[in-house]
Amino acid sequence: MSIKLPFANPLDEAKLAVDAAIRASKAVMEIYAQDFAIEHKDDDSPITKADLESNQIIKETLSSSSLPILSEEDEDDKSRLEHEKIWIVDPLDGTSDFVNKTGEFTIMIALVEKKKPILGIISRPTTDMLFLAQKGSGAFVFEKESWKRLAVSKTNELKKCNAVGSRFHLTEAEKEFFKSLGVESFASRGSSLKVAEICMGMADIYLTTSSKIKQWDTCASYCLITESGGKMTDMYGGDILYNTERLNHENGLLVTNSLVHDQIIKKYQSLD
Numbered sequence: 081m082s083i084k085l086p087f088a089n090p091l092d093e094a095k096l097a098v099d100a101a102i103r104a105s106k107a108v109m110e111i112y113a114q115d116f117a118i119e120h121k122d123d124d125s126p127i128t129k130a131d132l133e134s135n136q137i138i139k140e141t142l143s144s145s146s147l148p149i150l151s152e153e154d155e156d157d158k159s160r161l162e163h164e165k166i167w168i169v170d171p172l173d174g175t176s177d178f179v180n181k182t183g184e185f186t187i188m189i190a191l192v193e194k195k196k197p198i199l200g201i202i203s204r205p206t207t208d209m210l211f212l213a214q215k216g217s218g219a220f221v222f223e224k225e226s227w228k229r230l231a232v233s234k235t236n237e238l239k240k241c242n243a244v245g246s247r248f249h250l251t252e253a254e255k256e257f258f259k260s261l262g263v264e265s266f267a268s269r270g271s272s273l274k275v276a277e278i279c280m281g282m283a284d285i286y287l288t289t290s291s292k293i294k295q296w297d298t299c300a301s302y303c304l305i306t307e308s309g310g311k312m313t314d315m316y317g318g319d320i321l322y323n324t325e326r327l328n329h330e331n332g333l334l335v336t337n338s339l340v341h342d343q344i345i346k347k348y349q350s351l352d
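Positions 81 to 352 (the numbering used here) are the ones given, in order, by the sequence shown.
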């Protein structure tokens, strides 16, 4: 399956990444329809045949670019730090959602240059949706055989914001912080779909104070939210960099439509 890209000047790697996402999505859905075994990694997070097969397909497809690949399912080869340009991949984001059959899991592929994402792809296999962004060229979603440009909401009052958060990892402290913001609407979402909904203007805020989030969890989303007019920083307003020595986002993550971003950071800092 080949899709015409929505950019006037697509990067050479864009078509390759889209092909990788489509091929991996197909394989993941075949496994999703079967009975599959669930194992656990050292950190007790689940892993399935779908994670591994998707990883293999993506790596094989991207290999022709000759760029290093940082993937959740492989050991981190630190030689990537010598390269200005690398791929960062999460072959199955939301494995818990995959296991629990919520349908809210994704495949994420991003291209990073000089520590910044310049291409971001999120595929949602269960609905055949493909989110795609390229630095300076906008963000789009492919659905029902056509591309639609993405733009964040214009909501600038916290009380009127729609917040989204993790289904499996939301903490009591995060719940309390949402209350302190006066946010009245909250919905649980799996995987990177939280950010995708903000890109589509359906939600306005996603945050986590956890230090466990890693670069492959956010890299594709960073490009998408930025090109949709939104903003992603840590909880103190610090910028997020990629292809760095440490992979964890140690100060959490805040993603918004950009209009309420500073208000949330100010409130968070006041609690310290």
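Glycine included, every Cβ here is placed at the ideal spot set by N, Cα and C. Please read all numbers here as calculations on a predicted model, not as lab measurements.
- Excluding its 5 nearest sequence neighbours in each direction, R103 has C-beta neighbours in its own chain below 7 Å: I137 and T141, listed in chain order.
- Here DSSP, grouped into helix, strand and coil, assigns Q214 to strand.
- With contacts defined as CB atoms closer than 7 Å, D131 and L172 qualify as a contacting pair.
- In this structure F222 is buried. Its beta-carbon is surrounded by 16 or more other beta-carbon atoms within 10 angstroms.
- Secondary structure of P197 (DSSP, three-state): strand.
- Secondary structure note for T141: it is in no beta strand (DSSP E), and the uninterrupted alpha helix (DSSP H) holding it is K129 to L142.
- Leaving aside the five residues that flank L287 on each side, the residues in its chain whose CB is nearer than 6 Å to its CB run, in chain order, L334.
- The straight-line gap separating the alpha-carbon atoms of L351 and I345 is approximately 10 Å.
- In this structure F257 does not touch A243 by the C-beta definition: roughly 10 Å separates them, more than the 8 Å allowed.
- Rounded to the nearest whole angstrom, the CA to CA distance from H120 to I127 is 6 Å.
- Beta-bridge partners of T336 (DSSP): I285 and K311.
- Here A219 is not near E325, since their CB atoms are 7 Å or more apart.
- With respect to the 7 Å criterion, K195 and Y322 are classified as neighbours on the basis of their beta carbons.
- For F266, no alpha helix (DSSP H) encloses it; the enclosing beta strand (DSSP E) starts and ends at S265 to R269.
- In this chain, the beta strand (DSSP E) harbouring S226 covers S226 to R229.
- Per DSSP, reduced to three states, the secondary structure at T186 is strand.
- Nearest in C-alpha terms to V263, of all of S272, G309, D284 and A253, is D284.
- Between the C-alpha atoms of K129 and S291 there is a straight-line separation of about 27 Å.
- By the neighbour-count criterion, in which a residue is buried when 16 or more other Cβ atoms sit within 10 angstroms of its Cβ, Y348 is buried.
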